[in-house]
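The block underneath contains the structure these notes are about, expressed in structure tokens.
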Amino acid sequence: MEALIYLFKDYTFQTVALGSAILGLISGVLGSFAVLRKQSLLGDGVSHAALPGVVMAFILTGSKDTEILLLGALISGLIATYFIINIVKHTRIKFDSALALVMSVFFGLGLVLLTYVQKIPNSNQAGLKRFIFGQASTLLQRDVYFMVICGVILLVFILLFWKEFKLYIFDDEYAKSLGFPAHRLNLLLSFMIVMAIITGLQTVGVILMSAMLIAPAVAARQWTNRFWVMVVLSALFGAISGIFGTAASSLMAKLPTGPAIVVFISGIVIFSVLFAPGRGILQKVIHRKNLKLFLRDQGGDGNVPTV
Amino acid sequence: MELYESNYAVQIEDLTVAYDAKPVLWDIDLDIPQGKLMAVIGPNGAGKTTLLKAMLGLLVPVSGTVRFFHETDNSLRKLKNKVAYVPQSGSVDWDFPATVLDIVLMGCYGRLGLIKRPGKKDKEAAMECLQKVGMTEYAGRQISQLSGGQQQRVFLARALMQTADIYFMDEPFKGVDIQTEKAIVVLLKELKESGKTVVVVHHDLQTVPDYFDWVTLINIKVIASGPVEEVFHEQNLKKAYRSTGNLLKSAV
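Protein sequences appear in the order of chains A and B.
Counting from 1087, one number per residue, gives the positions in the first sequence under our numbering.
Counting from 52, one number per residue, gives the positions in the second sequence under our numbering.
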């Protein structure tokens, strides 16, 4: 307990925990939209595809500033999205195949570039590998500021276009028939999801980032049938996982933060899938068993009412 | 402008739509008069849904123009209060976290425009629309718990919420039972009585004379269009369906 109090007073811990919490919150909110739009996997593709961008940004500028590296990640993530969308549009290749293809090509390219960079003598590349699995402990105060700014911008857009996004996700053709600029809404939402992914790369890395996007939303969906409750819950789950994951990795030696956060959020997902009322597996099993017993012992009512 | 000379709700000129090289609709010229309850019929793959979507501007035609009420500018942004669309209920995922009332409220989003939220008045209007389709007690129900017929009614209520002048419906009777079908028909006739124009993609040939007063037969091209009693006969049907057998029971 004492260790915990001591921990929460620690400045580095505060910075990292705050960063992780904000990341959880952002990815929780945007993840809800991605999941309901049935584009959970796009997040996976974009985050993997960000790796060559990070390395290219370093090769071209020689800088190790997080902002510059993330700008590279953003650009290559967007290029990958563009490729995926156009492959689906212009060929007979289906979305899942196009996604897997583009994702592995980009990630492979990223690894090749990374190996190349490491062979350049005297190049100060030591920090690049952290983008693969993430390294939350390298979060600086200005990185957290950067995340806060990104988060505020994203949340403002979500609040402004709440009704439009909801309508578009549920029924895009109807949104179009009402005269909403469906294409532009789609672009905006995709761009925002990519932004959310990019802000998380430094903390959890390109491989695990999609879990941060999908897991909170999937868990939240189990507990509610209301859209806004789902988004709020998802943000909450994400933020809590961020804080607890950071705490766990600080208390235990050699436990990396990013994976700890992901393990924590996965625990929430498993609990939600099993025990949530209504949609949970446990309740369904119990309900079915009770009904079966009831029908066997008492017999059903022969006069089944019609609706 | 002489109103009586050309009292049309929709005028289509030289409309051609192609997804790939093969045209789905070819050189369609069609005028839909105001205040009619019109069925669009034709075999599978004849382009019925495509025609509807092209009229609504949901897809870009190769050539041709669609005009509503003689407006020269037919962008949907301007017309959002005049045109309502009821898509096939199978076109969306009904596991979306929303209540029936939420979905019906979407009908006023176009009127509200960007950023503004629906208020108390809109909710009252939505309840009225639900009452018209007989779904008041389902307002708070999660949409994943609805049956096919109820889904269709919810979409209908959403379109009513738009208080439009023209309604486009894509197979509203698909997968609904006879009771719901009757209820929907009553509603459509009410809309017609109040001067609205209703265009319905329809499949059941036997019910056409009972339900509709205007009919358009298409198969890539327009085969015939006009009042049911003049146009809807065995000869035109055979042309549209490329069939040699009798298609109408009454004609047997």
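Glycine is no exception: its CB is placed at the ideal position from the N, C-alpha and C atoms.
Small disclaimer: the values here were computed from a predicted structure and weren't measured.
Asked: Can you give the Cα-Cα distance for B:GLY86 and B:GLU244, rounded to whole angstroms?; Found: 8 Å
Asked: Since I believe A:LEU1379 is in contact with A:LEU1368 (beta carbons under 8 Å), could you give me their beta-carbon distance rounded to a whole number of angstroms?; Found: At roughly 17 Å, the Cβ-Cβ gap does not stay under 8 Å, so A:LEU1368 and A:LEU1379 are not in contact.
Asked: Under the assumption that B:THR267 contacts B:MET89 (Cβ atoms under 8 Å), give the Cβ distance between them as a whole number of angstroms.; Found: 6 Å
Asked: Can a CB atom of chain A be found closer than 7 Å to the CB of B:ALA149?; Found: yes
Asked: On the DSSP letters alone, give me the boundaries of the beta strand (DSSP E) that B:GLU64 sits inside.; Found: 59 to 69
Asked: In chain A, what lies closer than 8 Å to B:LEU109 by C-beta?; Found: GLU1259, LYS1262 and SER1263
Asked: Would you mind stating whether B:SER114 and B:THR67 have Cβ atoms separated by less than 7 Å?; Found: yes
Asked: Select from A:LEU1273, A:GLU1153 and A:ILE1091 the residue whose C-alpha is nearest the C-alpha of A:ILE1235.; Found: A:GLU1153
Asked: Who does B:ILE83 pair with in a DSSP beta bridge?; Found: B:VAL61
Asked: In three-state terms, what does DSSP make of B:ALA302?; Found: Low confidence applies here, because B:ALA302 scores a pLDDT of 47, under 50, leaving its location unreliable; read the following figure in that light. Helix, per DSSP.
Asked: Would B:GLY161 pass as an interface residue toward chain A - the criterion being a Cβ-Cβ separation below 7 Å?; Found: yes
Asked: Work out the CA separation of A:ILE1239 and B:PRO148 for me, nearest whole Å.; Found: 25 Å
Asked: Excluding the 5 residues preceding and the 5 following A:LEU1164 in the sequence, name in chain order all residues of the same chain whose CB lies nearer than 7 Å to its CB.; Found: VAL1280
Asked: Just confirm the distance between the C-beta atoms of B:PHE219 and B:VAL137, as a whole number of angstroms; I'd bet it's less than 8 Å.; Found: 7 Å
Asked: Going by DSSP, what residues sit across from A:LYS1124 in a beta bridge?; Found: Bridge partners of A:LYS1124: none, in fact.
Asked: Should the segment 1168 to 1183 of chain A be called in touch with the segment 1103 to 1119 of chain A, which here means at least 3 C-beta pairs below 8 Å?; Found: no
Asked: Relative to chain A, which residues along the segment 137 to 148 of chain B have a C-beta separation below 8 Å, given in chain order?; Found: PRO138, SER142, VAL143, ASP144, PHE147 and PRO148
Asked: Cβ of B:MET186 less than 7 Å from any chain A Cβ?; Found: no
Asked: Just the C-alpha distance for A:MET1338 and A:ALA1346, rounded to the nearest angstrom, thanks.; Found: 10 Å
Asked: With 7 Å set as the bound, which would you pick, yes or no: does the beta-carbon of A:ASN1311 sit closer than that to a beta-carbon of chain B?; Found: yes
Asked: Any idea which residues DSSP pairs B:LEU268 with across the strands?; Found: B:ILE92 and B:ALA275
Asked: So if DSSP puts B:TYR136 in a beta bridge, which residue, or which two residues, is it bridged to?; Found: B:PHE219
Asked: If I measure Cβ to Cβ from A:VAL1348 and keep anything under 6 Å in the same chain, skipping five residues before and after, which residues do I get?; Found: LEU1294 and ALA1297
Asked: Put B:ASP78 into one of helix, strand or coil per three-state DSSP.; Found: strand
Asked: Between the beta-carbon of A:VAL1304 and the beta-carbon of A:VAL1242, is there less than 7 Å?; Found: no
Asked: If we cut at 7 Å on Cβ distances, does A:PHE1330 have a partner in chain B?; Found: no
Asked: Taking 6 Å as the limit between beta carbons, can you name the residues of its chain near A:ARG1307, skipping five residues before and five after?; Found: MET1316
Asked: With a cut-off of 7 Å, does the C-beta of B:MET220 fall near any C-beta of chain A?; Found: no
Asked: Hey, could you find the ends of the beta strand (DSSP E) A:PHE1181 is sitting in?; Found: A:PHE1181 -> not in any beta strand (DSSP E); alpha helix (DSSP H) instead, spanning 1181 to 1205.
Asked: Do you know how far the Cα of B:ARG204 is from the Cα of B:LYS167?; Found: 26 Å
Asked: How far does the beta strand (DSSP E) with A:SER1263 in it extend, from its first residue to its last?; Found: Where A:SER1263 is concerned, there is no enclosing beta strand (DSSP E), although the alpha helix (DSSP H) it sits in stretches over 1258 to 1263.
Asked: Would you kindly report the start and end of the unbroken alpha helix (DSSP H) that includes A:GLY1328?; Found: 1313 to 1337
Asked: Starting from B:PHE119, follow the beta strand (DSSP E) in both directions and report where the run begins and ends.; Found: 114 to 119
Asked: From B:LYS133 to B:ILE92, what does the alpha carbon distance come to, in whole angstroms?; Found: 24 Å
Asked: Check each candidate in A:ILE1170, A:GLN1125, A:LEU1253 and A:TYR1202 and name the one with the smallest Cα separation from A:LEU1187.; Found: A:ILE1170
Asked: Interface residues of chain A around B:ARG168 at Cβ under 9 Å?; Found: TRP1248 and LYS1249
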